[in-house]
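Chemist: Have a look at the structure that comes next, please.
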Amino acid sequence: MASKKSSSKSAVDKHERKIVSMSLPGRPGKNPMPAEQAINFATQLASDGKWPVVIVLSRQLLAQIPQLTRVWPLLFQGLTEAGDYSGLAAATAEHLISKPRDISALLSQATALRLLDHHEQALQSIAKVLRLAPANTTAINHRGVILKEMGNMTDALEAFNRCIRLAPQDGHAYWNRSDLFNDISDTELEKMEAVLSKPSLTPKNKARLHYALARGYEFRGNSEKQFSHTESGATLKRSLLQYNHAEEMQQVQDIPIYFSADTLNQTPLEAKPHSAKPIFICGLPRSGTTLVEQILSTHSMVTAGDELNALPRAAAALLQKKRIDKPFPLWAKDLSPADWHSIGESYQSMTKNLHGTAFFTDKYLQNYKALGLIHLAKPEGKIIFCRRNAMDNLWGCYRQYFADGLRFTYDQQELADSYHGAAELYRYWQKVMPDKVFFLEYETLISDYETTVKALLAFIGLPWEEECLHFYNNPRAVRTTSATQVRSPINTGRIDQWQKFERQLKPMYQRLRELGEIE
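Under the numbering used here, the first residue of the sequence shown is numbered 0, with each subsequent residue one higher.
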């Protein structure tokens, strides 16, 4: 066995010692160097989060020496971080032709397929992993996530429970199953509390377990323990994040400056006729955006796109081409109508898998900041901006364990600031684009559902379909944290829910009052 391992390592080293020709940042043209040197450079760029460059370098290396085994994972991670799931699906499929038993590649393929809404194919990739490694908890957890998004809650819960039996400290599985219970036993809560107290539990898993316990105590009606675990999870999660809140708030304040009325009034180039038009659904998380998408995608002429990142990718590609190195929104005044048109055409190309119907939805989480970009790049697109009562909206965020992208949701005052920023944008877009946007209040949707839905469809230009009243029967896969909620009929259960925690949420409430969002 020792000689076989040595031989394999030698083969890898042999490939990395080969000379490759690289075009590098700041050094265009052909730069010969050992492949190992180029790989180490790409690895350093990956640690710095320079994913677009990592992708370019990885592809250059693999085009010359496909056997460079250290490069494929770099490419997969780069494509994942960049949100290029079509590219990730293609890259994993290419690699798996020669390495069909590569578990890492199969898992990356499953991720790509799931995020492209090919859930059945994603399950096939996971099944291949489990044939090779039946106890692979990453695959088992991923299988549960896929099944949950497809609405198969029973089998999803079984997958998460199996994952926990195999890896009792896997916080992902505890959190992912937490909203699948109708009830939870005292014994199960005691087991989770025991795991929480283990010194070996990683901080990230500890945070996830706090949130899962909060859900458990919610089911048991223990509000004090529910909030205690929510607060502990949020505080821990916030301590693990690198987040500049002042910089985030400054970005929001800059948007009306750089997307001024004059900028927005540019005469756009005539768009090519397209078979499908986008519907951009905007708003803070937990403001009703998933519900609106579920309602619209029940219509026969609408395909759900979920949280697409095609628009920021299209903008980033244009900026890279023009060598503009400025953060959003500071580059807005540097672009011409031809540039906005180019972003729109790139966006249309990136979303072509959704063009089977007359309309498709785009519910990217940062859309509420990007209405100016949307208006200029996709003037034919429809825009819906969702808003909800401040305390209900922010309690809905605070009680949720999100991915790392929503970094403002783990601190009460930062949440209040973010709500105020979004509300200021809401008011700004109302002033400068009053006829371009459908401004939707969550509470109005709940209290006057049919009237609101009819108005929404009329705004988009869709004929009335009765099925839109029964969105909870929509069989589509739902990838967001609202996956379980949108499979139930409209109800008022989450209105004023924050009031149970009025005392504990005082810092949030007071900050909202200071900012004028609560009288």
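Cβ coordinates follow ideal geometry from the N, Cα and C atoms, glycine included.
For N30, write down the residues that DSSP places opposite it in a beta bridge.
Modeler: Note: N30 sits in a beta bridge opposite M21.
Chemist: By DSSP, does D261 sit in helix, in strand, or in coil?
Modeler: Here D261 sits in helix by DSSP.
Chemist: Considering Cα atoms alone, identify which of Q429, Y210, L504 is closest to R398.
Modeler: The option with the nearest alpha carbon to R398 is Y210.
Chemist: Could you compute how far the alpha carbon of L414 sits from the alpha carbon of A389?
Modeler: Rounded to the nearest angstrom, the two C-alpha atoms are 10 Å apart.
Chemist: Can you give me the Cβ contacts of I163 inside the same chain, cut-off strictly under 7 Å, excluding the 5 residues immediately before and after it?
Modeler: Taken in chain order, the residues that qualify are D169, A172, Y173.
Chemist: So which of T110, S57, G287, A275 has the shortest CA-CA distance to G395?
Modeler: Ranking T110, S57, G287, A275 by Cα distance to G395 puts G287 first.
Chemist: Specify whether the segment 211 to 218 and the segment 228 to 238 touch according to this definition: at least 3 beta carbon pairs, one from each stretch, less than 8 Å apart.
Modeler: Judged by Cβ distances under 8 Å, the segment 211 to 218 makes contact with the segment 228 to 238, as three or more pairs qualify.
Chemist: Near N366, which residues of its chain fall below 6 Å by C-beta distance, leaving aside the five closest residues on each side in sequence?
Modeler: The residues are F279, C281.
Chemist: Can you say whether W463 is buried or exposed, counting buried as having 16 or more other CB atoms within 10 angstroms of its CB?
Modeler: Classification for W463: exposed.
Chemist: Within its chain, find whatever has a CB closer than 7 Å to the CB of S296; leave out the 5 residues flanking it on each side and keep chain order.
Modeler: Hits under 7 Å: T302, A303, T360, N473, R475.
Chemist: Which partner residues does E230 have in the DSSP bridge list?
Modeler: E230 pairs with nothing; no bridge assigned.
Chemist: Assuming F358 and I459 are in contact, meaning their beta carbons sit under 8 Å apart, how far apart are those beta carbons, in whole angstroms?
Modeler: Yes, they are in contact, since the Cβ atoms of F358 and I459 sit about 7 Å apart, within 8 Å.
Chemist: Going by the DSSP bridge assignment, what does E440 pair with across the sheet?
Modeler: E440 pairs with R386.
Chemist: Can you tell me whether P51 is helix, strand or coil according to DSSP?
Modeler: Helix.
Chemist: Would you say the beta carbon of Y363 comes nearer than 6 Å to a heavy atom of the ligand NAD?
Modeler: Among the components of this structure there are no ligands whatsoever, and the ligand NAD is therefore not found.
Chemist: Bridge partners for V301 per DSSP, in chain order?
Modeler: In the DSSP output, where bridge partners are listed per residue, V301 has F358.
Chemist: Buried or exposed: which applies to S345, given that a residue is buried once 16 or more other Cβ atoms fall within 10 Å of its Cβ?
Modeler: Buried is the call here.
Chemist: Per DSSP, what kind of secondary structure is R16 in: helix, strand or coil?
Modeler: Correct three-state label for R16: coil.
Chemist: Determine the direct distance from the alpha carbon of A41 to that of I523, and round the result to whole angstroms.
Modeler: Because residue 523 is not part of the residues shown, which for the chain are 0 to 518, the question remains open.
Chemist: Comparing alpha-carbon positions, which option in L74, D47, E466 lies nearest Q59?
Modeler: The option with the nearest alpha carbon to Q59 is L74.
Chemist: Under three-state DSSP, which class holds F279?
Modeler: Three-state result, F279: strand.
Chemist: Just the C-alpha distance for L67 and D101, rounded to the nearest angstrom, thanks.
Modeler: L67 and D101: Cα-Cα distance of roughly 14 Å.
Chemist: Does A45 pass the burial test, meaning 16 or more other C-beta atoms within 10 Å, or should it be called exposed?
Modeler: Looking at its Cβ environment, which holds 16 or more other Cβ atoms inside 10 Å, A45 is buried.
Chemist: Going by DSSP, what residue range makes up the alpha helix (DSSP H) through Y210?
Modeler: Segment 202 to 218, the alpha helix (DSSP H) holding Y210.
Chemist: With DSSP as the reference, label A1 as helix, strand or coil.
Modeler: Model confidence at A1 stands at a pLDDT of 45, short of 50, so the residue's coordinates are unreliable; what they give is reported in the following sentence. Reduced to three states, the DSSP call for A1 is helix.
Chemist: From K127 to L105, what does the alpha carbon distance come to, in whole angstroms?
Modeler: If you take the alpha carbons of K127 and L105, they lie about 8 Å apart.
Chemist: Since I believe K381 is in contact with K271 (beta carbons under 8 Å), could you give me their beta-carbon distance rounded to a whole number of angstroms?
Modeler: The pair is not a contact, with the Cβ atoms about 18 Å apart (cut-off 8 Å).
Chemist: Measure the Cβ-Cβ separation of L263 and V436 and say whether it is below 7 Å.
Modeler: No.
Chemist: On the premise that L329 lies in contact with D253, defined as a C-beta separation below 8 Å, what is that separation, rounded to the nearest angstrom?
Modeler: Indeed, because the Cβ distance is near 7 Å, the residues count as touching under 8 Å.
Chemist: Short check: CB of S124 to CB of Q108, under 7 Å?
Modeler: Result yes, Cβ atoms of S124 and Q108 sit closer than 7 Å.
Chemist: Express the C-alpha separation of G355 and T408 in angstroms, rounding to a whole number.
Modeler: Taking the straight line joining both Cα atoms gives about 36 Å.
Chemist: Run the CB neighbour count on S446, radius 10 Å, all protein chains shown included, and call it buried at 16 or more, exposed below.
Modeler: By the 10 Å Cβ count, S446 comes out exposed.
Chemist: Can P24 and V52 be called in contact, C-beta distance under 7 Å?
Modeler: Yes.
Chemist: Can you tell me where the alpha helix (DSSP H) holding F75 begins and where it ends?
Modeler: Per DSSP, F75 belongs to the alpha helix (DSSP H) from 70 to 81.
Chemist: Can you tell which of K351, S20, G492 has the C-alpha that lies nearest to the C-alpha of D391?
Modeler: Comparing Cα positions, the closest option is G492.
Chemist: Go ahead and pull the three-state DSSP assignment for K381.
Modeler: Three-state DSSP puts K381 in a strand.
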